[in-house]
Amino acid sequence: MDKRKAENLRVKNAIVTTLFQLTEKKELSEITITELIKKAHVARASFYRNYSSKTDVLVTLVHDVLQDFRETADYDLSQVYSLYHVRRSFSYFQQYRELVLKVCRAGQAMMLLDELNQFHVEIAGNMPSTSTSRYTLNVYVGALFNTALAWLQDENAVDLEDISRLFTSVWAPSLNE
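What follows is the structure in structure tokens.
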């Protein structure tokens with residue numbers, strides 16, 4: 002990797018890491034770009050070369066998590082309605098609990114849901130925007146997201162296997178057989 006690309010990657014990582022660290026101490030709305038760039042040790046121009054806002058940084062975080070989900074899958078991701086996919090999805094929600102809850106508390110739940118919808122449309126395969134299958138997928142992702150949020154807010158009161166089976170018993174009972 003050339004020096005410019007390496008430096009830009011360092012800048013992006015510093016901004017993302019610092020924003021996440023700052024959200025552990027305060028709400029996103031209370032964090033200023035000035036505070037973020039000072040703590041990340043990057044120039045304001047470097048921030049705006051890569052991002053247009055703090056929300057844009059969060060979108061990058063979400064993309065990174067979804068990319069990891071995609072790259073580490075050991076099954077056909079187009080099988081979005083499978084029990085395995087549901088279990089793995091809840092596992093990722095659990096792993097990134099603090100990030101998910103902070104993003105939602107910062108008023109960015111819709112951004113997160115939009116990214117999850119887009120990701121699932123991509124992995125489900127070619128699906129015209131006018132297809133009723135796309136609406137079915139949106140219902141599924143919305144239910145998965147809403148269930149995950151309630152589960153995360155309850156601090157995972159139900160274990161991973163039970164929440165996965167509960168979800169699929171309601172969504173697709175045949176997956177539990």
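Residue numbering for the sequence shown follows this note's numbering, beginning at 2 and increasing consecutively.
All C-beta atoms, glycine included, are put in the ideal place defined by N, C-alpha and C.
Span separating the alpha-carbon of residue i from that of residue j
i, j, result
"glutamate 28", "lysine 40", "16 Å"
"lysine 55", "serine 130", "29 Å"
"valine 1", "histidine 42", "The displayed coordinates of the chain run from 2 to 178. Any statement about residue 1 would go beyond what the structure contains."
"arginine 5", "leucine 167", "49 Å"
"alanine 44", "serine 132", "46 Å"
"aspartate 77", "lysine 26", "39 Å"
"tyrosine 85", "lysine 103", "26 Å"
"lysine 13", "serine 47", "9 Å"
"leucine 10", "leucine 20", "15 Å"
"threonine 73", "histidine 121", "16 Å"
"phenylalanine 91", "arginine 135", "21 Å"
"glutamate 116", "serine 170", "25 Å"
"methionine 111", "valine 87", "20 Å"
"tryptophan 172", "glutamine 154", "21 Å"
"tyrosine 49", "aspartate 69", "25 Å"
"alanine 144", "leucine 113", "13 Å"
"glycine 1", "serine 30", "Here the chain has residues from 2 to 178 only, and residue 1 is not among them."
"cysteine 105", "arginine 89", "21 Å"
"aspartate 75", "valine 159", "25 Å"
Same chain, Cβ closer than 6 Å to residue i, neighbours up to 5 away in sequence not counted
i, result
"glutamate 162", "none"
"tryptophan 152", "Ile164"
Contact set for residue i: own chain, Cβ-Cβ below 8 Å, skip 5 residues either direction
i, result
"tyrosine 52", "Ile16, Val58 and Thr61"
"valine 66", "Tyr93, Tyr97 and Leu100"
"leucine 23", "Ile32, Glu36, Leu37 and Lys40"
"leucine 81", "Note that residue 81 corresponds to valine in the displayed sequence, not to leucine. Taken in chain order, the residues that qualify are His121, Ile124, Ala125, Leu138 and Tyr141."
"threonine 18", "Ala41"
Reduced DSSP category for residue i - H, G, I as helix; E, B as strand; rest coil
i, result
"serine 53", "coil"
"asparagine 127", "coil"
"aspartate 3", "coil"
"glutamine 109", "coil"
"asparagine 9", "helix"
"threonine 73", "coil"
"asparagine 118", "helix"
"glutamate 178", "At glutamate 178, the pLDDT of 44 sits below 50, so the modelled position is not reliable; the number obtained from the coordinates is stated separately. Looking at glutamate 178 - three-state DSSP - the assignment turns out to be coil, as it is neither helix nor strand."
Whole-Å CB distance - residue i paired with residue j, under 8 Å assumed
i, j, result
"serine 79", "alanine 149", "So it is not a contact: roughly 21 Å between Cβ atoms."
"asparagine 157", "glutamine 95", "6 Å"
Span of the alpha helix (DSSP H), counted from its first residue to its last, around residue i
i, result
"serine 134", "133 to 154"
"lysine 26", "Taken as a continuous stretch (DSSP letters only), lysine 26 belongs to no alpha helix (DSSP H), as it is neither H nor E."
"tyrosine 85", "84 to 96"
"leucine 78", "Where leucine 78 is concerned, there is no enclosing alpha helix (DSSP H), given that its DSSP letter is neither H nor E."
"threonine 169", "161 to 172"
"threonine 35", "34 to 41"
Own chain partners of residue i with C-beta closer than 7 Å, once the 5 adjacent residues on each side are dropped
i, result
"asparagine 118", "Asn139 and Val142"
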